[in-house]
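Read in order, the letters of the sequence shown are residues -28 to -1, 1 to 111 in mature numbering (1 follows the signal peptide of the UniProt record, and there is no 0).
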Amino acid sequence: MVAARLRTMALPAATALLGCAAAGIVLAADPTSDAGFPLPPCPVKWLTGLDCPGCGATRMFYSLLHGDVQQALHFNAAAVAFIPFFLWTWGAWVLGRWRGRRIPTWEQWRWSPLVALVLIAVWSVIRNLPFPPFDALYV
């Protein structure tokens, strides 16, 4: 029984280790300057010059790892706002695997997909507007 439960926790443990490894890579790379090793650029920004909804997320993650919430919000405020929902989903998944049954999250709410799509679309548009105060969102 205990061995079976521990086997079910192998994947959540692997995702936690992968997250720690990603944090280590981002910390070593320092995407906010040229001091670290280079990370690949956003393909949308590279091809179009526009910020996609995820642009700045690596720099946002780096800033959060250093406790600089204001700078993280500058790089990608939408991603910062999504973090609690991501943690909720991941925590419910881990708990569900531990208990052996699915735990409901915000993703099962009726309007979640539509609301998420609208928020992503609005964020994509407003962060690319070329006039104040929206031009401050461009990274």
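Positions of the beta carbon are idealized from the N, C-alpha and C atoms, including for glycine.
For residue i versus residue j, is the C-beta distance shorter than 9 Å?
i: Val(-3); j: Tyr34; result: yes
i: Leu37; j: Ala(-16); result: no
i: Met32; j: Leu22; result: no
i: Pro3; j: Leu(-11); result: no
Of all the options the options, which has the alpha carbon lying nearest to the alpha carbon of residue i?
i: Ala93; options: Gly(-10), Cys24, Cys14; result: Cys24
i: Phe47; options: Ala29, Phe57, Phe54; result: Ala29
i: Tyr110; options: Trp65, Ala(-26), Leu(-18), Lys17; result: Lys17
i: Val(-27); options: Trp83, Trp70, Gln42; result: Trp70
Note down the Cα distance separating residue i from residue j, rounded to an integer number of angstroms.
i: Leu(-23); j: Gly63; result: 16 Å
i: Arg99; j: Thr20; result: 14 Å
i: Ala(-8); j: Phe106; result: 34 Å
i: Cys27; j: Gly72; result: 37 Å
i: Pro85; j: Ala53; result: 16 Å
i: Ala(-19); j: Leu59; result: 18 Å
i: Trp83; j: Pro56; result: 18 Å
i: residue 116; j: Thr77; result: There is simply no residue 116 to check, as the chain begins at -28 and stops at 111 in what is shown.
Excluding sequence positions up to five away, which residues of its chain have a Cβ less than 7 Å from the Cβ of residue i?
i: Glu79; result: Thr61
Does the CB of residue i have a neighbour CB from chain B at under 9 Å?
i: Asp2; result: The chain inventory of the structure shown lacks chain B, comprising one protein chain alone.
Counting only the same chain and skipping the five closest in sequence on each side, list residues whose C-beta sits under 8 Å from that of residue i.
i: Leu67; result: Ile75
Taking 6 Å as the limit between beta carbons, can you name the residues of its chain near residue i, skipping five residues before and five after?
i: Ser96; result: Pro25
i: Pro102; result: none
i: Ala50; result: Trp95
Which parts of the stretch 44 to 77 are runs of the alpha helix (DSSP H), unbroken and 4 residues or longer, counting only runs that do not cross its ends?
none
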